[in-house]
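These notes are about the structure you will find just below.
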Amino acid sequence: MLDYIKSYLSSDVTPGAAGNLFWAFVYILLIFLGLSVAVIAMNWLERKILAHMQVRLGPMRVGPHGLLQPIADAIKLLIKEDIMPAEADPFVFWVAPIVVVITTFTVFIVVPFGPTHAVTDMNIGVLFMLGVSSLSVLGIVMAGWASNSHYPLMGALRSSAQMVSYEIAMALAVVSAVLMTSLNREGTGTLSMIGIVQAQQVQQTWFVFKFFPLGLIAFFIFAVAMIAETNRAPFDLPEAESELTAGFHTEYSGFRWSLFFLAEYSAMIAVSSIAVTLWLGGWLRPFPHWLRGEPSDLVFSLFPGLTFLFLAAMAFYSTARMPKHPYFRVQTIGLAGFGAVLALVGLILFVRPVRDRIQDIYWFSTKVAFSMYMYIWYRGTFPRYRFDQLMKVGWKVLLPMGIGVLILTAFVGVLL
Amino acid sequence: MVPITTLHYLVVAAALFVLGVIGVLTRRNVVIVLMSIELILNAVNLNLVAFSRIYGLHGQIFAIFVITDAAAEAAVGLGILIAFFRNKETVNVDEVDLLKW
Amino acid sequence: MAPVATTFFFYFLSGLTVFSGVLVITRRNPVHSALALILALLGQAGLYLMLYAPFVAGVQIILYAGGIMVLFLFVIMLVNIEKSQKEEQFNKQWLVGILAAVSLGVLFVLVYTRGKSLFPDRVAQLPEQSNTQEVAVLLYGNYMFAFEIASLLLLVAIIGAVVMAKKRI
């Protein structure tokens with residue numbers, strides 16, 4: 097058993113390529129756990145970061161600095177009453193959140209956390225991701241229709257119209273990035289996610305900086321389209337509370353609503369993973385070619401441990417600033433314990449065998465986390481688009497820009 | 882067990898085709914008739930891709946074109962349906978009889 | 021790359037597809053029919069993957085299940101009147117229709133089993149790793165003209181659909 101585990105850990109293909117069902121299941125389980133932790137962390141981070149941007153404090157009561165708030169929210173949602181509207185279609189009402197969650201989670205099969213750290217590396221990786229995330233529109237349409245009520249129906253129609261419109265702009269930006277993968281020596285591009293990052297490694301430049309400013313414009317188009325695709329601010333009219341009383345998930349309560357919520361954050365992480373893989377170099381560390389050699393490798397390999405030690409230092413600093421009142425004793429101890437756990441993880445990440453293996457996953461996760469921070473920043477900064485302005489931007493601004501970038505990338509790629 | 886040959890896929894495609902034809906011939910709701918036509922097109926596609934396993938990639942190219950045409954036809958068919966629904970408030974094929982003498 | 025559990029997946033996917041096809045033609049509610057058709061299309065995409073055609077499977081998921089079926093659901097929501105669900109669902113010639121279709125199916129199966137010697141049983145070498153690239157070579161090489169005609173067809177279909185669905189031309 098141990099040799100089996102060791103023999104797989106030293107292999108250099110993905111479980112899909114090796115036809116290995118057991119390891120595929122292990123990877124899927126790890127991705128599931130990682131996603132759950134990421135969604136919980138995103139919930140807390142969004143409320144705290146948004147609050148600090150608005151010069152207030154956010155949740156502070158539930159745990160030290162509100163760290164247990166997501167868990168309290170999850171427990172509250174699980175023990176709520178499960179209501180179904182009277183005239184609603186029971187089967188479609190029940191199946192809609194399941195469809196949205198399943199399609200969002202299926203996307204993570206092809207997300208590459210490293211050169212062999214994907215569940216499988218399909219030949220059509222990018223096509224598969226775009227296709228499966230377009231299936232989530234169906235779940236939203238079903239949710240809005242099955243609720244048998246005006247506001248969800250309007251919210252669902254608007255939301256699905258918006259998602260379908262911005263899918264086209266997304267696809268054009270993706271095509272211009274895929275076009276850049278064909279500029280290697282053999283002249284063949286690839287749609288596989290691992291192949292795209294390897295093309296960036298071979299061409300020694302992240303695609304966001306290639307043919308400046310074409311890569312940057314393509315990345316910008318994709319960034320705007322992915323925010324509209326996931327129904328986040330400033331494109332969140334279909335689910336804004338002041339406009340449509342929560343849109344297509346108005347009639348969903350308790351656990352069903354938490355499924356939509358889970359699917360929304362997972363969709364954000366999924367499209368950020370596409371953006372990171374296509375433009376920001378995937379799992380490659382910054383300057384893999386310019387700063388190569390032993391000392392640079394050592395410095396960059398210390399980053400994971402240093403990140404966790406920095407977080408632990410922030411936790412200890414907040415512990416020191418806690419009020420010295422006996423009522424706060426439990427919270428102070430909890431925060432100190434949390435800081436200790438983070439420091440322990442940071443110290444483990446300094447050990448040499450762990451350090452070598454965690455590099456790719458760390459850089460990929462950091463870039464996705466940066467993208468998540470931008471999502472929260474946009475929510476705190478921009479006012480909401482009205483629906484006709486939203487559709488105008490999707491069709492009349494992003495689509496021509498996407499076509500222009502595609503044609504120019506093709507020209508420059510052929511000429512140079 | 883019997884290894885899966887091309888014949889198995891052809892039988893599945895024939896079953897889908899028969900189901901689509903039954904849907905077109907027996908249902909009265911126009912939308913369901915259109916969906917049965919999509920089933921027929923899918924059966925044809927499955928046939929093409931099954932044969933492309935023997936004869937090379939030409940079947941897959943044809944299948945891509947069939948999917949494209951199905952999209953165009955569905956869009957136009959549903960447009961006609963909406964235009965008809967606006968005149969007569971029904972989706973029943975038996976009531977499309979304005980030219981009956 | 022060795023295929024895993026081919027027999028199980030074939031029977032599972034084809035059973036799913038045919039069962040969903042039966043649901044499409046028998047449901048009273050058109051939304052349930054549309055959902056069953058989506059399930060049939062996804063099962064079919066799985067069958068394409070088993071036939072070493074990943075690009076066609078990807079196109080099927082994006083275009084058919086993610087595009088055409090969304091269009092169908094929109095139109096069903098626009099024209100869904102309760103009256104049509106209370107009417108008679110099958111027309112008067114349903115028995116003749118079923119008999120005709122089933123005899124067609126029997127004809128197909130007879131042709132397949134009697135004529136099995138007509139087509140070769142070999143399997144072409146279709147490597148899954150370069151399927152997209154080879155499809156691209158054929159599509160932009162031999163079938164370039166058909167490709168351009170298809171884009172023209174889509175343009176005509178867009179204009180036609182917009183004109184049909186407008187309130188006033």
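Residue numbers (my numbering), protein chains in the order written: chain A, 97 to 512; chain B, 882 to 982; chain C, 21 to 189. We put the CB at the ideal spot given by N, CA and C, even for glycine.
Using a 10 Å radius around the Cβ and a threshold of 16 neighbouring Cβ atoms, would you call residue i buried or exposed?
| i | result |
| --- | --- |
| A/P111 | buried |
| A/D456 | buried |
| A/F434 | buried |
| A/T477 | exposed |
| C/M21 | Any reading at C/M21 needs caution, since the residue's pLDDT is 48, under 50, leaving its predicted position unreliable; the model's value is listed next. By the 10 Å Cβ count, C/M21 comes out exposed. |
| A/T200 | buried |
| A/V304 | buried |
| B/V914 | buried |
| A/T216 | buried |
| A/G490 | buried |
| C/G86 | buried |
| C/L172 | exposed |
| A/W190 | exposed |
| C/R47 | buried |
| A/D332 | buried |
| A/T277 | buried |
Where does residue i fall in DSSP's three states?
| i | result |
| --- | --- |
| B/R908 | strand |
| A/E177 | coil |
| B/N973 | strand |
| A/N116 | coil |
| A/K492 | helix |
| A/S182 | This sequence places Ala at residue 182 of chain A; Ser is not what is there. Note: A/A182 maps to coil in three-state DSSP. |
| C/M21 | Low confidence applies to C/M21: its pLDDT is 48, below 50, so where it sits in the model is not reliable enough to give any reading. |
| A/G285 | coil |
| A/E347 | coil |
| A/A214 | coil |
| A/D332 | coil |
| A/M487 | helix |
| A/S278 | coil |
| A/Q455 | helix |
| B/V883 | coil |
| A/F478 | coil |
| B/L888 | helix |
| A/M156 | coil |
| A/W302 | coil |
| A/P208 | coil |
| C/G161 | coil |
Can you round the beta-carbon distance between residue i and residue j to whole angstroms, since I take them to be within the 8 Å contact cut?
| i | j | result |
| --- | --- | --- |
| C/A181 | B/A956 | 4 Å |
| A/G227 | C/G78 | 6 Å |
| A/M138 | A/A214 | Contact doesn't hold; Cβ gap of about 22 Å is too wide. |
| B/T907 | C/I118 | 7 Å |
| A/F307 | A/T505 | 6 Å |
| C/F75 | C/V157 | Not a contact, Cβ separation roughly 12 Å. |
| C/L67 | B/L927 | 6 Å |
| B/T887 | B/A931 | 5 Å |
| C/S40 | C/A60 | 4 Å |
| C/V44 | C/A56 | 5 Å |
| A/L234 | C/I58 | 6 Å |
Cβ-heavy atom distance between residue i and the ligand NAP below 7 Å?
| i | result |
| --- | --- |
| A/G154 | The ligand content of the structure shown is nil, which means the ligand NAP is not present either. |
Pick out whichever of the options has its Cα sitting closest to the Cα of residue i.
| i | options | result |
| --- | --- | --- |
| A/A363 | A/T326, A/F121, A/Q300 | A/T326 |
| A/G430 | A/Q150, A/M149, A/G159, A/F121 | A/G159 |
| A/A269 | A/V508, A/R254, A/L495 | A/L495 |
| A/Q258 | A/A371, A/V271, A/A329 | A/A329 |
| C/T27 | C/L55, C/M70, C/G63 | C/M70 |
| A/Q300 | A/W375, A/G500, A/D185 | A/W375 |
| A/V298 | A/V493, A/T462, A/L279 | A/L279 |
| C/E107 | C/R188, C/V183, C/F29, C/P50 | C/P50 |
| C/I88 | B/Q941, B/H939, B/G960 | B/G960 |
| A/L275 | A/G240, A/G311, A/M238, A/T212 | A/G311 |
| B/Q941 | C/V90, C/F30, C/A65 | C/A65 |
| A/T346 | A/T373, A/W241, A/D169 | A/W241 |
| A/V237 | A/V135, A/V188, A/V206 | A/V188 |
| A/D484 | A/A319, A/R254, A/G389, A/S414 | A/R254 |
| B/G937 | C/L146, C/A54, C/F29 | C/L146 |
(request) Could you pull out every unbroken alpha helix (DSSP H) segment of at least 4 residues lying fully inside the region 72-146 of chain C, listed in chain order? (result) Complete alpha helix (DSSP H) runs here, min 4: 74-79, 89-99, 102-106, 114-134.
(request) Report the residue ranges of all alpha helix (DSSP H) runs contained in full by the region 238-269 of chain A; include only those spanning at least 4 residues, in chain order. (result) Correct list: empty.
(request) Jot down the residue ranges of each uninterrupted alpha helix (DSSP H) in the region 365-435 of chain A, minimum 4 residues, whole runs only, in chain order. (result) Correct list: 390-397, 399-416.
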